[in-house]
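Worksheet for the structure shown next.
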Amino acid sequence: MNEELEALCDKLADETLTPEEARRLEKLVLENPEMRRAYVERMHVNAALHGESVGDRPLADVVAQPQRRTRRWLLAVVPLAAAIALWFARPGSPAVATLVASKGCRWEGGALPTEPGAHLPAGRLRLTEGLATIAFASGAEVKLEAPADLELVSAMEAVLHRGSLVAHVPPRARGFQVRSGDTTLIDHGTEFGLTADGTGGSEVRVLDGLVEARHGRTGEQLRLATGEGAVFGQEKILSRGSMADSPEQLLRAMTAPTVVGDLAVSSSFGRGRATFVQRNVSATAPPVLLVKNTQQPLWMRKAFVAFDMSTLRGRPVASATLSFALAATGLGYASFVPDAEFAIYGVTDEALDGWQETGLAWDDAPANGAGPADVDAARTVRLGSFVVPQGAVGGTFGIGGPELASFLARDRDGVVTFVLVRTTRETRLTGLVHGFAGNHHPFLPPPMLRIALSK
Amino acid sequence: MVDQDKAESFVYLLARHERQVAAYVLTLVPQRADADDILQEAKVVMWRHFAEFTPGTNFGAWARKIAFNQILTFRKKRKRDHLHFSEEFLHAVADEIESSLPSLDERQQRLGDCLAKLQTDHQEIVRLRYDEGLGIEEVAGRSGRTVGAVYRLLSRLRAQLHQCVGRTVEAS
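Written out as structure tokens, the structure reads:
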């Protein structure tokens, strides 16, 4: 090829081209179609090399701009647009199930096959409204009740991350499994209902036939027959009983925030706050809290969340969980971030609890550290961590344990602040930006603190 | 609901075409910082005018058109002496890109594989220069090479990658 063109392209790519050389390059390219083609190909390689890391800015920056002639609905749309969770069916993957019927269904994401008859590959289905009937290739049939988050694994296996389903399993699909948290249900030709609370708890009710339940953490096993039910906790099987005693699910009542003895506080309540910080960006009412660990200082992001503890009124905390709903961001490539560990810190210096949610700057964020996962160790305590698997686009993640409970018990000013950082760094610079629903997400729950009080 | 769907489809379409549009702008404006600004402004314009996009038509083509106009706007804002190329040149190059787009897209997809074939220390040079966006001198400092050596190496690596993406396109 033409050496002169190559040399000029190199200088252009390295940004050392002089005006004289630019004129020469222009002449070559304009006068000769072949040169033009060669030029485009060369500069396109250079562009594609850059392109992966250019443009990694919050989409919120884009959609926060008013759209023409449509300002009126803007307020409603901006959080949504920035918060959309996209569900991508992997092309070419075989269907494990078919969507046979849907009633008033609304799905999260735009790429989902929502027409009855659509083939569903392995992957995550998130139903925000309605009732969907899914027929597995094995013959098992699942009615999914919104709001629900179901992962199709194979024709014989599914994972219920959140919500309720009723499974009907004909004899030929015996052995069909549904997992939820640490619990595995193996169906022996039955009909059963299952509800998952999204934080590892679940409840099963056998409507007809026989179901075998195994708790992965404890190894406990149960065989439940028609009319029986059981409640599973993260740590163990909590209870077993007859449906005749309680025809409605116990679990929903158990986790409902109004029940005496249990307290659920969201970060949108009272003096609660939720935002993220990024150098050169000031987020206002972000629907999604962006978190990223990268070597590039400008693209590091951390989330800050505060909860108003006034409803606790000084009562003793027995145990607690802190949970976040994962929200896809559309920013960066999941290919460049392996299974990602997130660490949660509690801010121990209560003088820092008064931070401003609106426009919180990197340098003003409470107990913030310089690095992508750093916090001020003298003013924080590490409370725990969780892992978001590579490729996950939904689900609830969080921590529990004695560190969290004792951190809450030490609160004196009625407000607790948490810092959420990703300790896993991207393997290449264009890696995924993780997101968790904030206080302004249109349909996902805000960060949630659940507290069990000492009796 | 209609408005929500509109916002959803914008985010979805943009996510699908983002890499292509970024490569388009950078081919026309290889100065990374400028391209980054142009791209950001172009996305804002796309969102503002999204009501005018006809669903079902080619979003990529629509997005490139907006990006191209944004390049011209950006050019006008800059001082004369800062400009490398004429508007005529930009139009000619943009036309060339449009006519060879399917093959350019394929080449872009192959680039990852081609990068993986480079020896590790060369991958690191590419990473420092392109992922981290470092200048040549910083790349030299970080990699323990002289500035001249980095220029020569980058030139060689680009030629190698150019050959590799070209070869695989023809082979497929």
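Here the protein sequences come in this chain order: A and B.
Remember, this note's numbering sits 1 above the position in the first sequence when you count from 1.
For the record, in the second sequence the residue sitting at position 57 is 37 according to this note's numbering, with numbers rising by one throughout.
C-beta atoms are modelled at their ideal positions from N, C-alpha and C, and glycine is treated no differently.
Original post:
Taking 8 Å as the CB-CB limit, is N47 of chain A close to chain B?
Top reply: Yes, because at least one Cβ of chain B sits closer than 8 Å to the Cβ of N47 of chain A.
Original post:
Should the segment 416 to 434 of chain A be called in touch with the segment 291 to 309 of chain A, which here means at least 3 C-beta pairs below 8 Å?
Top reply: When C-beta atoms of the segment 416 to 434 of chain A are compared with those of the segment 291 to 309 of chain A, three or more pairs fall below 8 Å, so the two segments count as touching.
**OP:** Anything in chain A within Cβ reach of R107 of chain B, meaning under 9 Å, just list it in chain order.
**Re:** Within chain A, the C-beta atoms nearer than 9 Å to that of R107 of chain B come from R429, L430, in chain order.
Original post:
Measuring CA to CA, which of A:E16, A:G401, A:V422, A:V389 is closest to Q235 of chain A?
Top reply: Among A:E16, A:G401, A:V422, A:V389, the Cα nearest to that of Q235 of chain A is on A:G401.
**OP:** Anything in the segment -12 to 16 of chain B with a Cβ closer than 7 Å to a Cβ of chain A? List those residues in chain order, please.
**Re:** Answer set for the segment -12 to 16 of chain B: E(-12), S(-11), F(-10), V(-9), Y(-8), A(-5), E(-2), R(-1), A2, A3, L6, T7, P10, Q11, R12, A15, D16.
Subject >> Beta carbon proximity, F39 of chain B to chain A, threshold 8 Å >> reply: Using a CB distance cut-off of 8 Å, F39 of chain B does not count as an interface residue toward chain A.
**OP:** Tell me K293 of chain A's beta-bridge partners as DSSP assigns them.
**Re:** A:R302, per the DSSP bridge assignment.
**OP:** Between the Cα of K104 of chain A and those of A:E146, A:R43, A:R125, spot the shortest distance and give me the residue it belongs to.
**Re:** Out of A:E146, A:R43, A:R125, A:E146 has the C-alpha closest to the C-alpha of K104 of chain A.
Subject >> L252 of chain A (DSSP reduced to helix, strand or coil) >> reply: Because L252 of chain A carries a pLDDT of 48, less than 50, the predicted location of this residue cannot be relied on, and no value is offered for it.
Subject >> is_contact[V41 of chain A, chain B] using C-beta, thresh 8 Å >> reply: So, interface residue.
Subject >> Spatial neighbours of R(-1) of chain B in its chain, beta-carbon cut-off 8 Å, leaving aside the 5 residues before and after >> reply: Excluding residues up to 5 positions away in sequence, Q88 lie with their Cβ nearer than 8 Å to the Cβ of R(-1) of chain B in the same chain.
Subject >> Cutoff 8 Å; reference D309 of chain A; Cβ partners in own chain excluding five residues on either side >> reply: Excluding residues within five positions, the ones whose Cβ falls inside 8 Å are V266, F270, G271, R272, G273, G415, V416.
Subject >> Residues of its chain near F444 of chain A, where Cβ-Cβ distance is below 6 Å and the 5 sequence neighbours each way are ignored >> reply: Spatial neighbours of F444 of chain A in its own chain (CB-CB distance under 6 Å, excluding positions within 5 residues in sequence) are listed in chain order as T129.
Original post:
Would A155 of chain B count as contacting chain A if we go by Cβ distances under 8 Å?
Top reply: Coverage of chain B is limited to positions -19 through 152, which leaves residue 155 of chain B absent and any answer about it impossible.
Original post:
Is the Cβ of M301 of chain A closer than 8 Å to any Cβ of chain B?
Top reply: Under the Cβ distance rule, M301 of chain A does not count among the residues neighbouring chain B, no pair being separated by less than 8 Å.
Original post:
Between the segment 142 to 158 of chain A and chain B, which residues of the former have CB atoms less than 8 Å from a CB of the latter, in chain order?
Top reply: Taking 8 Å as the Cβ-Cβ cut-off, the segment 142 to 158 of chain A has no residue approaching chain B.
Subject >> Between the CA atoms of Y40 of chain A and G92 of chain B - distance to the nearest angstrom >> reply: Rounded to whole angstroms, G92 of chain B to Y40 of chain A spans 21 Å at the Cα level.
Subject >> Sufficient close CB pairs (3 or more, under 8 Å) joining the segment 7 to 19 of chain A to the segment 40 to 49 of chain A >> reply: With three or more CB-CB distances shorter than 8 Å, the segment 7 to 19 of chain A counts as touching the segment 40 to 49 of chain A.
**OP:** Could you pull out every residue in the same chain whose Cβ sits closer than 8 Å to the Cβ of L9 of chain A, ignoring the five residues on either side in sequence?
**Re:** Here L9 of chain A has L18, E22, R25, L26, L29 as same chain residues with Cβ atoms under 8 Å from its own Cβ, once five neighbours each way along the sequence are excluded.
Original post:
Could one say the Cβ of F54 of chain B lies closer than 8 Å to chain A's Cβ atoms, at least one of them?
Top reply: Chain A has no Cβ within less than 8 Å of the Cβ of F54 of chain B.
**OP:** Under 7 Å Cβ to Cβ from L127 of chain B, same chain only, skipping five residues before and after it: list those, please.
**Re:** According to the sequence displayed, residue 127 of chain B carries Val and not Leu. For V127 of chain B, same chain residues with a beta-carbon under 7 Å away, outside a window of 5 residues either side, are I116, E117, A120 in chain order.
Original post:
Using DSSP with H/G/I as helix, E/B as strand and the rest coil, what is V170 of chain A?
Top reply: Here V170 of chain A sits in coil by DSSP.
**OP:** Mind the definition here: the segment 278 to 290 of chain A touches the segment 359 to 371 of chain A only if three or more C-beta pairs lie below 8 Å; say whether that holds.
**Re:** Touching, yes.
Subject >> Whole-Å CB distance - F305 of chain A paired with R423 of chain A, under 8 Å assumed >> reply: Between R423 of chain A and F305 of chain A the Cβ distance is about 14 Å, and since that is not below 8 Å, they are no contact.
Subject >> Beta-bridge partners of S135 of chain B, as assigned by DSSP >> reply: The partner list for S135 of chain B (beta bridge, DSSP) is empty, contrary to what the question assumes.
**OP:** Confirm, please, whether the CB-CB distance from F39 of chain B to A74 of chain B is below 8 Å.
**Re:** It is not a contact, given that the beta carbons lie outside the stated cut-off.
Original post:
Is DSSP giving N49 of chain B helix, strand or coil here?
Top reply: Residue state, collapsed to three classes: helix.
Original post:
Hey, does D111 of chain B have any beta-carbon neighbour from chain A nearer than 8 Å?
Top reply: Yes, because at least one Cβ of chain A sits closer than 8 Å to the Cβ of D111 of chain B.
Original post:
Along the segment 342 to 370 of chain A, what residues have a CB closer than 9 Å to any CB found in chain B?
Top reply: Hits within the stretch: zero.
Subject >> Own chain, CB closer than 6 Å to C144 of chain B, minus 5 neighbours either side, in chain order >> reply: C94, listed in sequence order.
Original post:
Any idea what DSSP makes of G121 of chain B, helix, strand or coil?
Top reply: Helix.
Subject >> Residues bridged to M310 of chain A (per DSSP) >> reply: According to DSSP, which records beta bridges pairwise, M310 of chain A is partnered with nothing at all.
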